[in-house]
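Undergrad: For this note's numbering, add 169 to where a residue sits in the sequence shown, where the first one is 1.
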Amino acid sequence: MDDDVERLKARFERELERTADLGPSCKRPSVAGRVSLDCFEVTPVRFYCAPFTGRRAASLIELLVVLFIMAVMMGLLLPALQGARNRADAVVCENNVRQLVMALGRFIDVKRRFPAPEEWTVAVLPYIEQRPLADAIKYNADPGGKYPRPPLLECPMQEDGDSRLASVGYCHYVLVVDRLENGWIERGWEIQDRPLVDDDGEPPWYVGPEIRYSVQAEFFASIEGPHQAGQYMTSSGPRP
Ligand SMILES: [Zn+2]
170 MDDDVERLKA
180 RFERELERTA
190 DLGPSCKRPS
200 VAGRVSLDCF
210 EVTPVRFYCA
220 PFTGRRAASL
230 IELLVVLFIM
240 AVMMGLLLPA
250 LQGARNRADA
260 VVCENNVRQL
270 VMALGRFIDV
280 KRRFPAPEEW
290 TVAVLPYIEQ
300 RPLADAIKYN
310 ADPGGKYPRP
320 PLLECPMQED
330 GDSRLASVGY
340 CHYVLVVDRL
350 ENGWIERGWE
360 IQDRPLVDDD
370 GEPPWYVGPE
380 IRYSVQAEFF
390 ASIEGPHQAG
400 QYMTSSGPRP
């Protein structure tokens with residue numbers, strides 16, 4: 170029995186000597202914790218030393234590299250996504266303008282007249298599948314004027330500011346037309362994106378906004394408004 174204890178002691182001393190110069194980062198188990206001399210059991214002694222800590226440092230660098238690569242890829246990807254969203258919004262806007270132009274054209278064909286000033290947004294309603302709304306406005310169904318804005322009058326590229334009537338919304342498009350004293354219009358007409366929105370609160374959408382061609386020319390000479398250049402839709406396509 171004594172021989173066994175001595176043998177174990179010697180073995181453990183050797184083990185300690187073998188690992189003595191593994192450096193300060195080496196976690197050495199205590200004698201009492203690892204070896205029980207009373208019951209002649211030696212638990213396996215494992216040392217987690219330099220190679221292991223070295224591997225940890227490398228994995229941190231790898232993580233940083235991966236994060237860096239991901240950041241670069243996101244940096245490349247996000248503008249592309251933003252560009253795609255812009256193009257999708259521009260397509261929606263162009264489609265809105267096209268449908269409004271067709272609807273106003275049909276109104277003029279059917280009624281044989283041009284809509285009265287500031288009435289074009291209501292005049293087009295029966296031709297953009299909004300006849301119930303047109304009837305509700307015609308018969309003044311809500312004296313408070315709380316008629317929801319038809320989706321076609323909303324451009325996805327414009328901020329939706331306040332209209333004078335809360336939660337009713339204003340029209341994001343404007344009719345370009347020169348009206349004469351006698352009620353005729355001087356030349357053709359056009360529908361385009363809204364140039365500028367009044368901060369004081371816009372009239373609700375059923376008051377159709379209008380500008381003259383001279384104002385349109387001024388506007389396209391010095392773009393100020395919610396859209397970026399080349400994203401303003403007119404009846405004849407994007408301007409300027
Ligand atoms: Zn638009």
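Glycine is no exception: its CB is placed at the ideal position from the N, C-alpha and C atoms.
Would you identify the three-state DSSP class for ILE306, choosing helix, strand or coil?
TA: Three-state DSSP puts ILE306 in a helix.
Undergrad: With a cut-off of 8 Å on the beta carbons, I'd call ASP362 and TYR342 a contact; round off their distance for me.
TA: Right, the Cβ-Cβ distance comes to about 6 Å (below 8 Å), so this counts as a contact.
Undergrad: Spatial neighbours of ALA201 within its chain, please: CB distance less than 7 Å, with the 5 preceding and 5 following residues excluded, ordered by chain position.
TA: Caution applies to ALA201, whose pLDDT of 46 falls short of 50 and renders its modelled position unreliable; the model cannot decide the point.
Undergrad: Tell whether a beta-carbon distance below 8 Å holds between ARG333 and PRO378.
TA: Contact: no.
Undergrad: So the alpha helix (DSSP H) ASP172 belongs to, where does it begin and stop?
TA: Counting along the chain, the alpha helix (DSSP H) containing ASP172 begins and ends at 171-187.
Undergrad: With the cut-off set at 8 Å, would you say VAL270 and ILE380 are in Cβ contact?
TA: No, the pair does not count as a contact, with Cβ atoms beyond the cut-off.
Undergrad: What ranges does the beta strand (DSSP E) occupy inside the segment 279-346, keeping only unbroken runs of at least 3 residues that lie completely in it?
TA: Segments of the beta strand (DSSP E) lying fully in the segment 279-346: 342-345.
Undergrad: Compute the Euclidean distance between the alpha carbons of ARG300 and ILE306, then round it to the nearest angstrom.
TA: So the alpha carbons of these two residues sit roughly 10 Å apart.
Undergrad: Give the straight-line distance between the Cα atoms of PRO317 and GLU355, rounded to the nearest whole angstrom.
TA: PRO317 and GLU355: Cα-Cα distance of roughly 33 Å.
Undergrad: Using DSSP bridges, identify the partner residues of GLU379.
TA: Partner(s): LEU344.
Undergrad: Need the endpoints of the beta strand (DSSP E) that ASP362 sits in, please.
TA: Counting along the chain, the beta strand (DSSP E) containing ASP362 begins and ends at 359-362.
Undergrad: Bridge partners of GLU371, per DSSP?
TA: DSSP lists SER332 as partners of GLU371.
Undergrad: Helix, strand or coil: which one does DSSP assign to GLY406?
TA: Of the three classes helix, strand and coil, the one that applies to GLY406 here is strand, per DSSP.
Undergrad: What separation, rounded to the nearest whole angstrom, lies between the Cα atoms of GLU288 and ILE238?
TA: If you take the alpha carbons of GLU288 and ILE238, they lie about 56 Å apart.
Undergrad: Going by Cα to Cα distance, which pick from PHE276, LYS280 and LEU322 is closest to VAL261?
TA: Of PHE276, LYS280 and LEU322, the residue nearest in Cα terms is LEU322.
Undergrad: Near GLY370, which residues of its chain fall below 7 Å by C-beta distance, leaving aside the five closest residues on each side in sequence?
TA: If we look at GLY370 and ignore the five residues flanking it on each side, its Cβ neighbours are ASP331, SER332 and ARG333.
Undergrad: Taking the alpha carbon of GLY314 as the reference point, which residue from CYS324, LEU302, PRO320 and PRO409 has its own alpha carbon closest?
TA: Residue LEU302 is the option with its Cα nearest to GLY314.
Undergrad: With a 10 Å radius around its C-beta and 16 neighbouring C-beta atoms as the bar for buried, classify SER199 as buried or exposed.
TA: Bear in mind that a pLDDT of 47 at SER199, under 50, signals an unreliable position, so the model cannot answer this.
Undergrad: Would you say the beta carbon of GLN327 is closer than 7 Å to some non-hydrogen atom of ligand 1?
TA: Yes, ligand 1 has a heavy atom inside 7 Å of this Cβ.
Undergrad: Closest to GLY352 by C-alpha separation, out of PRO284, VAL279, ALA257 and MET402, would be which residue?
TA: If we check each option's Cα against that of GLY352, PRO284 comes out closest.
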